[in-house]
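Below: one structure, written as structure tokens.
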Amino acid sequence: MNILPVLQLVALLTIANGAPVIAKKLGGRRAAFPLDFGLTFFDGRPVFGSSKTIRGIMASILVTTASAPLVGLEPAIGAIVAAAALAGDLFSSFVKRRLNFPPSSQALGLDQIPECLFPMLACRDALALTVVDIVLGVVIFFAGGLMLSRLLFRAHLRDEPY
Numbered sequence: 773m774n775i776l777p778v779l780q781l782v783a784l785l786t787i788a789n790g791a792p793v794i795a796k797k798l799g800g801r802r803a804a805f806p807l808d809f810g811l812t813f814f815d816g817r818p819v820f821g822s823s824k825t826i827r828g829i830m831a832s833i834l835v836t837t838a839s840a841p842l843v844g845l846e847p848a849i850g851a852i853v854a855a856a857a858l859a860g861d862l863f864s865s866f867v868k869r870r871l872n873f874p875p876s877s878q879a880l881g882l883d884q885i886p887e888c889l890f891p892m893l894a895c896r897d898a899l900a901l902t903v904v905d906i907v908l909g910v911v912i913f914f915a916g917g918l919m920l921s922r923l924l925f926r927a928h929l930r931d932e933p934y
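Going letter by letter, the sequence shown gives residues 773 to 934 in my numbering.
The structure is reproduced here in structure tokens:
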């Protein structure tokens, strides 16, 4: 088991997922252009929804890339983690829209697992992660994310406690 890279990735995942939230709090609606440009899918529902913004994507990639050396990883790993976490988050949003979940609603597991699993898989070879490492990373991120979300909600940094 490679616990150090798992913890490094979980730290970067936390940054990748937190950067858009902080950017929203700092910027309000300023420069919050929806990633899907308000387009709808053939089912008439939004592709991702208005809470997935270009500003959030940019904040996540820039901050996570810059933060990677702070946790002992190369900036390129930070960029991969951010991009893969965002892909997982967009996948979740896309599925939730198809299932007619309201924007920013919680879908336990669907909200956490893809945005952690995708980066773990994307970094598997570069960090020599095993299946056990990946499962451990998902479990740590899942549990830690639920707790951190509640703390950020209490600190008025998140709109919802999840």
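The beta-carbon is built from N, C-alpha and C at its ideal position, and this holds for glycine as well.
Between the segment 895–904 and the segment 786–795 there are fewer than three C-beta pairs closer than 8 Å, too few to call the two in contact. Here Pro874 carries a coil assignment [DSSP, helix/strand/coil]. Thr825 sits in a strand when the DSSP states are folded into three classes.
About 17 Å separates the beta carbons of Ile826 and Ala851, which is beyond the 8 Å limit, so they are not a contact pair. When C-alpha distances from Ala804 are compared across Asp815, Lys824, Leu779 and Phe820, the shortest belongs to Lys824. In the DSSP assignment, Cys888 falls within the alpha helix (DSSP H) that extends over Ile885 to Ala894. With respect to the C-alpha of Ser877, the residue from His928, Glu932 and Leu920 having the closest C-alpha is Glu932. Of the residues assessed, Gly800 falls on the exposed side of the cut-off, its CB having fewer than 16 other CB atoms within 10 angstroms.
Contact between Leu858 and Gln780 fails: their C-beta atoms lie close to 18 Å from each other, not under 8 Å. Assignment of beta-bridge partners to Thr812 by DSSP yields Pro818. Inter-residue distance for Val853 and Ile912 is about 16 Å (C-alpha atoms, whole angstroms). The segment 900–907 makes no contact with the segment 861–876; the number of CB pairs closer than 8 Å stays below 3.
Distance from the Cα of Cys888 is smallest, within the candidate group Phe814, Phe820, Leu842 and Leu918, for Leu918.
Across the structure, Leu908 and Val778 are spaced so that their CA atoms are roughly 8 Å apart.
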